[in-house]
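Undergrad: Mind looking over this structure? Questions follow.
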Amino acid sequence: MRDVVVANKEILDFDNQIQIQDDVFPILHILDSDGEIVDNESLKRAQLTEEDFITIIKRMLLSRQLDIRSTKLAKQGRFGFFAPTAGQEASQMASSYAFKDDDWLMPGYRDIPQIVVKGWPIWKAILWSRGHALGNVFTTEEGKPVNSWMPQIIIGAQYVEAAGIALGMKKRQKDAVAYAYTGEGGSSQGDFYEGVNFAGAYKANAVFFIQNNGFAISTPRAMQTAASHLAAKGWAAGVPSIVVDGNDPIAVYLASKEARAWATSGKGPVLIETLTNRLEAHSTAGDDPLRYRTQADIDAAWKKEPLIRMRQYMTSQGIWDEDKETAYITEVNALIDDQIKIADKVSKQKISDFIKNTLEVPSYAMVEQITKFESEGK
Amino acid sequence: MAVKSYIDAVREAMDLALEKDNNVLVFGEDVGKNGGVFRATDGLQAKYGEDRVFNTPLAESGIGGLAIGLTTQDYRPIMEIQFFGFVFEVMDSIAGQMARNRYRFNGTRNMPIVVRSPYGGGTKTPEMHADNLEGMVAQVPGIRVVMPANPADAKGLLLSAIESNDPVVFLENIHLYRSMKGEVPEGYYTTPLDKAAIVHEGTDVSIISYGGGVPVALKAADELNKNGISAEVLDLRTVSPLDIQSIGDTVTKTGRVVVVQEAQRMAGIGASIMSEISERFILSLKAPIGRIAAPDSVYPFGQAENDWMIKSDDVVAKVMEVVNYD
């Protein structure tokens, strides 16, 4: 009798509930912002070889260079839409490193680097940015399929679609997962809940990422939800959900790897919230971050960015140095230069192509329109 | 040929598709053990298993996303939206995603998805169950909108929709599900998409309609026949894209046209048909085009539904007006 009384009292203690929420999501971190390992056991669990570390830092540097070059080219009008990625290199590159070719990537529009490292040539990313459908042909230079969807503009849609891919993989008994990325803003979308919930209900092979980078265009994270952590949203669907220091490449990699293993074991999806920071504008289309955040806030965020700590740690381990980095950046920039040249050579699409790609079998009126535009060379 | 109801024909089509192709999946709210709220999927889960015929959580956008995702694993999803009035919840998946994917991926991805959904009034359903929203989806490039008006077409068109590599919104008329019976050929057959059918031959006037409007038009044609007026009824069967050739054929044959739709008058399919006729065949017309459509209000609450819906008497009166025009 008394137990019920106490329990009932606790149930109705809403302040306590808020407190519990705050307590249940400790943050996974292994490499701190000074480049020090804070948990050697987890480092071992990640089983990262020297070669892995080098690949991860190279991918992070590639992403940073793509960001720098894309932003510059956009200012010159040689790029179309580009959503800067600086600050999110650990969140994007260390997570995607845990996945395999057979896994399906479901990216948002800021997740261009993940598709690139999956084999999508940079010239196609440039075409995507410029608004050319050849950018959305997901094959490698050699024509091998790249299991990626196009960068989603409707920022919850990739979540419901990932649930479908994940269910299909389960039905086909594949040792593969669908991994989807959205942001903290995207986690406010109805599709976010539906995607996580469907994947959970079907115990499907999915790993969901919320890259909590602090801002949805200008709206700060605090305005998206009263939830203490966005990961709590996965719990509501009965899905294991964790919060990771999103600027810590080792923690992000370990979380992703373990999540993938769980998701392929038939137990269902995992949700990972990466705490990171968008260091630049929302996009190259005229956004000025100083309208909604202070320079001091941006400066503080730059001090915690993931490349600093990764570089420091790897240098301390004797597996990275300034010369190696300079050489790699030179190599990447030469590659980007080549890729821009390839993209520049691709001719503009025609209206008749648009109509031809609308239905497999065009309608009577569409055939008329195709004929008309083709006769005009359009 | 056996006489079957519209809903039995729909079920038979899914049964045959599931039997023929292991990649075909059927899913939606309550389509499993319960066989769907109208029993359109009755017995299919028992026959093909929970792996291929299954329930979903109650969320339409999730169902749409599921279908799109499943295509990457080479499935051919038949997803059910329990009532088409619920389509607003899944408009992004339909209009924002599956309809655009062939174009978006430069022709490299098929979207072999059928969105089955019941629509249409006459059964006094609660709000958001009966609306004629076909005009809204027909406006979306990249998707086919099919609306059979009889059991034989329901079966043949659904099998075609399942075979199609384009997404098809397949709208099934709630009122016709059990009230409409007709001869249905045995076995697997397909009825071509995008092709209208003359369902009543005539020479004096063309009544052009689709879906639930067709039985209304046919009833009017019988009535008119008694008055010595020979009306041709063209059943569009697919409302997007339109079969402009068949429309042109009947218009040039009779020179007089009445367009009949259950949906509200504003915008929509009827308006499209009329504008195509005006643009292409106006010199064949002997009279202004007549139109019968529902009033431009929100779909009515159940009590007044019968007053609001189009009636064959209205069609007869409009045809008389058009036929008597000089």
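Protein chains in written order, with numbering that gives the first Met the number 0: chain L, 0 to 377; chain D, 0 to 325.
Ideal placement from N, C-alpha and C gives every residue a C-beta, glycine not left out.
1) Could you work out which residue in P150(L), I53(L), T314(L) and A280(L) is closest to V115(L) when comparing CA atoms only?
2) Kindly list the residues whose CB is nearer than 6 Å to the CB of G301(D), restricted to its own chain and excluding five residues on each side of it in sequence; keep chain order.
3) What do you get for M222(L), buried or exposed, if any count of 16 or more other CB atoms within 10 angstroms of its CB means buried?
4) Suppose you measure from the CA of G317(L) to the CA of A97(L); what does that come to, to the nearest Å?
5) With 16 other CB atoms within 10 Å as the buried threshold, where does Q113(L) fall?
6) Rank D244(L), S94(L), T138(L) and Y312(L) by C-alpha distance to the C-alpha of Y178(L) and give the top, closest one.
7) Against chain L, with Cβ distances strictly below 9 Å, would L69(D) count as a contact?
8) At 9 Å on the CB atoms, spell out the chain L contacts of F169(D), in chain order.
9) Y100(L) to G189(L), Cα distance in whole Å?
10) Throw me the rounded Cβ distance for the I86(L) and L278(L) pair, which I believe falls under 8 Å.
11) Compare the beta carbon distance of R321(D) and V204(D) with 9 Å and say whether it is the shorter of the two.
12) Output, in chain order, the set of chain D residues within a Cβ distance shorter than 8 Å of F197(L).
13) Going by DSSP, what residues sit across from D244(L) in a beta bridge?
14) For a cutoff of 9 Å on Cβ pairs, would you count Y102(D) as touching chain L?
15) I want to know whether the region 80-94 of chain D touches the region 43-62 of chain D - three or more CB-CB distances under 8 Å.
16) Can you check which of these residues, I67(L), S315(L) and A250(L), is closest to P423(L) by C-alpha distance?
17) Could you spell out the range, first to last residue, of the beta strand (DSSP E) harbouring I207(D)?
18) Cβ atoms of I271(L) and A230(L): under 9 Å apart, would you say?
19) Within 9 Å (strictly less), CB to CB, does D91(D) reach chain L?
20) Along chain L, in chain order, which residues have C-beta atoms closer than 8 Å to that of G141(D)?
21) Answer yes or no: does any C-beta atom of chain D fall closer than 9 Å to that of S362(L)?
22) Alpha carbon to alpha carbon, what distance is there between A195(D) and E367(L)?
23) Are F26(D) and A1(D) touching if we call contact CB-CB under 9 Å?
24) Thinking C-beta only, is S163(D) closer than 9 Å to R143(D)?
25) Report yes or no: do the region 264-276 of chain D and the region 301-315 of chain D share at least 3 C-beta pairs separated by less than 8 Å?
26) Can you tell which of E275(D), P140(D), F169(D) and D165(D) has the C-alpha that lies nearest to the C-alpha of K154(D)?
27) In this structure, what does DSSP give as the bridge partners for Q151(L)?
28) Could you check which residue in W301(L), G267(L) and G185(L) has the C-alpha nearest to that of G199(L)?
29) Helix, strand or coil for D234(D) per DSSP?
30) Where does the unbroken beta strand (DSSP E) through H356(L) begin, and where does it stop?
31) Quick check: is the beta carbon of A165(L) nearer than 9 Å to any beta carbon in chain D?
32) Per DSSP, M78(D) forms a beta bridge with which residues?
33) Taking 8 Å as the threshold, find out whether the region 253-268 of chain L comes into contact with the region 60-68 of chain L through three or more Cβ pairs.
34) Ignore the nearest five residues each way along the sequence and tell me which others in I152(L)'s own chain have a CB closer than 6 Å to its CB.
35) Check whether chain L comes within 9 Å of S274(D), counting only Cβ atoms and requiring the distance to be less than that.
36) I want to see whether chain L comes within less than 9 Å of L235(D), judged by CB atoms only; does it?
TA: Looking at the coordinates:
1) P150(L)
2) K123
3) exposed
4) 24 Å
5) buried
6) S94(L)
7) yes
8) Chain L residues near F169(D): none, gap ~16 Å exceeds 9 Å.
9) Per the sequence shown, the amino acid found at residue 100(L) is Asp instead of Tyr. Distance between the alpha carbons of D100(L) and G189(L) is about 29 Å.
10) The sequence shown places Gly at residue 86(L), rather than the Ile named in the question. Confirmed, Cβ separation roughly 4 Å.
11) Correcting the residue type first, residue 321(D) is Val in the shown sequence and not Arg. Result yes, Cβ atoms of V321(D) and V204(D) sit closer than 9 Å.
12) T55, P56, A58, G61, G64 and L65
13) L274(L)
14) yes
15) yes
16) Residue numbering for chain L in the displayed model covers 0 to 377; residue 423(L) lies beyond these limits and cannot be assessed.
17) V204 to S208
18) yes
19) yes
20) T357 and L358
21) yes
22) 19 Å
23) no
24) yes
25) no
26) F169(D)
27) G107(L)
28) G267(L)
29) strand
30) At residue 356(L) the sequence reads Asn, which differs from the His that was named. It is not in any beta strand (DSSP E) - N356(L) carries neither H nor E in the DSSP assignment.
31) yes
32) F26(D) and V114(D)
33) no
34) Y108
35) no
36) no
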